[in-house]
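At position 269 of the sequence shown the residue is numbered 285 (the working numbering), and the sequence of numbers has no breaks.
We treat Cβ as the ideally placed atom computed from N, Cα and C, and that holds for glycine.
Right, one structure below, let's go through it.
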Amino acid sequence: MRLRTFVLTQFLLSPLLYSQRMPERWFTLNPLTGNTITTSDTTIFIHSVTAWGGFGAYRLARDAEHAWLQQLGGAIELLRIGNDQSLVFTSSIEFIADPHNDIRFNPRATFWEEGFLYTQRTGESFWQIGYYHRCKHDIDNLILGKERSLIFGSLLGKYLLPFRINADEGLAAFRLDIYTLRQDDRIPKHSEGTTLNWKRLLASAGANLYLRETSRNLFGWYAGGWFTVNSFGEKESVVIGFDRIREVTFNGGISAGIALRGGAHFRIGITYEYLSDTGLNPTSERANLLSFGVTILDSNVSW
Numbered sequence: 017m018r019l020r021t022f023v024l025t026q027f028l029l030s031p032l033l034y035s036q037r038m039p040e041r042w043f044t045l046n047p048l049t050g051n052t053i054t055t056s057d058t059t060i061f062i063h064s065v066t067a068w069g070g071f072g073a074y075r076l077a078r079d080a081e082h083a084w085l086q087q088l089g090g091a092i093e094l095l096r097i098g099n100d101q102s103l104v105f106t107s108s109i110e111f112i113a114d115p116h117n118d119i120r121f122n123p124r125a126t127f128w129e130e131g132f133l134y135t136q137r138t139g140e141s142f143w144q145i146g147y148y149h150r151c152k153h154d155i156d157n158l159i160l161g162k163e164r165s166l167i168f169g170s171l172l173g174k175y176l177l178p179f180r181i182n183a184d185e186g187l188a189a190f191r192l193d194i195y196t197l198r199q200d201d202r203i204p205k206h207s208e209g210t211t212l213n214w215k216r217l218l219a220s221a222g223a224n225l226y227l228r229e230t231s232r233n234l235f236g237w238y239a240g241g242w243f244t245v246n247s248f249g250e251k252e253s254v255v256i257g258f259d260r261i262r263e264v265t266f267n268g269g270i271s272a273g274i275a276l277r278g279g280a281h282f283r284i285g286i287t288y289e290y291l292s293d294t295g296l297n298p299t300s301e302r303a304n305l306l307s308f309g310v311t312i313l314d315s316n317v318s319w
């Protein structure tokens, strides 16, 4: 009963939370979930490779900057020690296009991230630590006269807790990012002092929650949600986030749909997000975003 209450609470709260956009926010890697073919004393280099991708359209709820999105990501398991330890290199992008050209598909911005992730099994749960580099760059925006470049680097810690509700499979993932590198450069420059400044970002804490049907049927359903709480200090670019907290913001979203299942998941679904700062324009802008799209991912090592 407590687990059901936790699941329902997460999905009800997610639409109320908002803030930073990370390309991997909808995906949680866990290479120790699948591909368990090694013995406890076996060490294998380049043990597995996984990838995911998606394409969607923003409709019904969006702003002037969001018309289309594309997501691509992948991970290479550099080292596997038995079934209890794994080291992964991962990279992913999120591409945003607006409708402001003659074919209603104008490249607007790319959000990029890459990092190393170490996973350790502890009984039925998993711990992860790593370092991620993230950045956002504009595309075809010289004619607009407004640009914004974002760069973030963070030390990352995660705790993954698999669970089941009846026969259905779920995963709760809790994360903490401590930022070591922050850059928020804008043109025109006067926009930096008037809105939320990501140079003051200290740390982020959040969670992901996933649930999917595990029957042997070809078609099944899936659902997921995420949220993040971000803290900002008084000063810009302090070392490893040591500063008095001046401001706190939130982000989050929910997604659900149907999946065609085989060696991978082919998903068709609907996604809702609320962001307090889309990161696109020099002046911070909030957005309600509703998208419809398809996603393909390896169901053994990511959600």
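DSSP-derived helix/strand/coil call for R164: strand
Determine the contact status of M89 and P39, defining contact as a CB-CB distance below 8 Å. The sequence given here places Gly at residue 89; Met does not occur at that position. It is a contact, given that the beta carbons lie within the stated cut-off.
Excluding five sequence neighbours on each side, which residues of the same chain lie with their C-beta closer than 6 Å to the C-beta of A275? G236, Y238, H281 and R283
What whole-angstrom Cβ distance do F71 and G240 have, given they're in contact under 8 Å? Actually they do not touch by this definition, with Cβ atoms about 18 Å apart.
Assigned exposure category for A80 - 16 Cβ within 10 Å defines buried: exposed
Among the residues of its own chain, which have a CB less than 6 Å from the CB of P123, if the five just before and after it don't count? Contacts found: A113, I155 and D156.
May I ask you to report which of helix, strand or coil DSSP gives V317? coil
Taking the C-alpha atoms as reference points, what is the distance between L160 and T299? 13 Å
A188 and L172 - do their beta-carbons sit closer together than 8 Å? no
May I ask you to list the residues that DSSP assigns as paired with L217? F248
To the nearest angstrom, how far is the alpha carbon of T311 from that of I261? 37 Å
Can you tell me which of D118, I167 and R232 puts its alpha carbon nearest to the alpha carbon of L217? Nearest to L217 by alpha-carbon distance, out of D118, I167 and R232, is I167.
Unbroken beta strand (DSSP E) run spanning W84, endpoints: W84 to I97
Cα separation between R78 and L306? For R78 and L306, the distance between alpha carbons rounds to 6 Å.
Is it right to say E110 is buried, meaning 16 or more other beta carbons lie within 10 angstroms of its own, or is it exposed? buried
Quick one: using the 10 Å Cβ neighbour count with 16 as the cut-off for buried, is D201 buried or exposed? exposed
Sequence-distant residues of the same chain with beta carbon closer than 7 Å to T58, five excluded per side: G98
Rounded to whole angstroms, how far is the Cβ of F127 from the Cβ of K152, which I believe are closer than 8 Å? In this structure F127 is in contact with K152, their Cβ atoms being roughly 5 Å apart against a cut-off of 8 Å.
Go through its chain and collect everything with a Cβ distance to S292's Cβ below 8 Å, but skip five positions before and after it. Around S292, the same chain offers Y34, S35, L212, T265, F266, N267, S300 and R302 as residues with beta carbons nearer than 8 Å, after the five sequence neighbours per side are excluded.
Less than 8 Å between the CB atoms is what I'm expecting for T244 and G222, so what's the real figure, rounded? 3 Å
Identity of the residue in Y175, S165, W242 and Y134 nearest W214 by Cα: Ranking Y175, S165, W242 and Y134 by CA distance to the CA of W214 puts S165 first.
What did DSSP end up calling T311 once you bin it into helix, strand or coil? T311 sits in a strand when the DSSP states are folded into three classes.
Excluding the 5 residues flanking I181 on each side, which residues of the same chain have their C-beta closer than 6 Å to its C-beta? none
Excluding the 5 residues preceding and the 5 following E185 in the sequence, name in chain order all residues of the same chain whose CB lies nearer than 7 Å to its CB. R228 and T230
Straight-line Cα distance separating Y290 from R273: It is worth fixing the name first, because residue 273 is Gly in this sequence and not Arg. So the alpha carbons of these two residues sit roughly 19 Å apart.
Just reading off the beta strand (DSSP E) that A188 is part of, what are its end residues? D184 to I203
What first and last residue would you give for the beta strand (DSSP E) that runs through V255? Counting along the chain, V255 falls outside any beta strand (DSSP E), and DSSP gives it neither H nor E.
Rounded to the nearest angstrom, what separates R41 and D118 at their Cα positions? Each residue's alpha carbon lies about 32 Å from the other.
So if DSSP puts G343 in a beta bridge, which residue, or which two residues, is it bridged to? The structure shown does not extend to residue 343, since the chain is modelled only from 17 through 319, so no value can be given for it.
Best match in R277, E263, D193 and G285 for proximity to S271 [C-alpha to C-alpha]: G285
Beta-carbon spacing of F105, W68 below 8 Å: no
Beta-ladder partner(s) of R78, from DSSP: Paired residues: none, contrary to the question.
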